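Undergrad: Going by full-length UniProt numbering, the sequence shown opens with residue 1, and the numbers climb by one from there. Note that beta-carbon positions come from the ideal geometry of N, C-alpha and C, so glycine has one too. Treat the numbers as computed from the prediction; the structure is a model and nothing was measured.
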Amino acid sequence: MSAPTPPRPVRADAERNVARILEAAKIVLAEDPTASLERIADEAGLARATVHRRFSSRKALLDTLFAQLDEQYRRALEQAKVDTSPPLIALHRVTELVMEIKFSHRLIVDVVNGTNSGHGFLSDEVQEGAKLLFSRLHAAGTITAACPSWCLRVYLAILDVVHQLPPGAPELGAGDDTAARTDLQVSTVLGALGGPGPQ
Numbered sequence: 001m002s003a004p005t006p007p008r009p010v011r012a013d014a015e016r017n018v019a020r021i022l023e024a025a026k027i028v029l030a031e032d033p034t035a036s037l038e039r040i041a042d043e044a045g046l047a048r049a050t051v052h053r054r055f056s057s058r059k060a061l062l063d064t065l066f067a068q069l070d071e072q073y074r075r076a077l078e079q080a081k082v083d084t085s086p087p088l089i090a091l092h093r094v095t096e097l098v099m100e101i102k103f104s105h106r107l108i109v110d111v112v113n114g115t116n117s118g119h120g121f122l123s124d125e126v127q128e129g130a131k132l133l134f135s136r137l138h139a140a141g142t143i144t145a146a147c148p149s150w151c152l153r154v155y156l157a158i159l160d161v162v163h164q165l166p167p168g169a170p171e172l173g174a175g176d177d178t179a180a181r182t183d184l185q186v187s188t189v190l191g192a193l194g195g196p197g198p199q
């Protein structure tokens, strides 16, 4: 009986290469949103053929970055317990988590979102979670806007503006930047959707 053949390390090497490519893509695309796969390969320190083997096109690479980002949004909705927490608390918590995601992946969020229109960059699962939250806010009387799709569009439009504010902007006031942006986002969204608005 022959000794078992040891497992080949190809899978682990491939996974490491994919991670290197994605990290390089975040750096390169932050500098140049139109950068080619070849430029990303150079940044990753990998042969261009290796990058092309893992990602057949620039779109395939962006789709993978999108999937990673979407998974973080999905986890944010889950952590905020949008289906069971008091809806206003859930809105505040999910906004806080989304702000953290947008700042930790600021430039790649802009690149990925920039390749899509409206809220098409969000998966159906993430959109449905967000719409559930807005439906619950309406049912609780926190907002008067009754259409969850409209509420999500308003939320995302305001989020883009709040996210783009420079640090120290008068609208943010003093204190922790993420907390200030979260408070500004929530109060503005509530005001826009027929809620109490800023207190």
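#1: Which first and last residues belong to the alpha helix (DSSP H) in which E171 is found?
#2: May I ask you to report which of helix, strand or coil DSSP gives T144?
#3: Please list the terminal residues of the continuous alpha helix (DSSP H) segment that includes F134.
#4: Around the Cβ of V161, are there at least 16 other Cβ atoms within 10 angstroms (buried) or fewer (exposed)?
#5: Pick out whichever of D70, T188, P87, A174 has its Cα sitting closest to the Cα of I101.
#6: Please specify which runs of the alpha helix (DSSP H), each continuous and at least 4 residues long, are wholly inside the stretch 20–46, giving them in chain order.
#7: Could you name the residues of the same chain whose beta carbon sits closer than 6 Å to that of G173, not counting the 5 residues immediately before and after it, in chain order?
#8: Quick check on G197: buried or exposed, where buried means 16 or more other Cβ atoms within 10 Å of its Cβ?
#9: Would you decide whether G45 is buried or exposed? Buried here means 16 or more other CB atoms lie within 10 Å of its CB.
#10: To the nearest angstrom, how far is it from the Cα of R136 to the Cα of L97?
#11: Let me know the beta strand (DSSP E) ranges lying completely inside the stretch 49–110, each 3 residues or longer, listed in chain order.
#12: State the DSSP-derived secondary structure class of L193, mapped to helix, strand or coil.
#13: Roughly how many whole angstroms lie between the Cα atoms of V10 and K26?
#14: What's the gap between the Cα of S123 and the Cα of T142?
#15: Which same chain residues end up closer than 7 Å to K81 when comparing Cβ atoms and leaving out the 5 residues on each side of it in sequence?
#16: Quick one: is D183 buried, meaning 16 or more other Cβ sit within 10 Å of its Cβ, or exposed?
#17: If you compare alpha carbons, which of Q164, I21, L152, A157 is closest to R48?
TA: Answer, in terms of the structure:
#1: No alpha helix (DSSP H) contains E171, which DSSP labels as neither H nor E.
#2: coil
#3: 124–139
#4: exposed
#5: D70
#6: 37–44
#7: A180
#8: Residue placement at G197 is poorly supported in this model, since its pLDDT is 44, which falls under 50; the coordinates still yield a value, given next. It is exposed - the Cβ of G197 has fewer than 16 other Cβ atoms within 10 Å.
#9: exposed
#10: 19 Å
#11: none
#12: coil
#13: Unreliable positioning characterises V10 in this predicted model, as indicated by a pLDDT of 48, which lies under 50. The coordinate reading is nonetheless provided below. V10 and K26: Cα-Cα distance of roughly 24 Å.
#14: 26 Å
#15: A90
#16: buried
#17: I21
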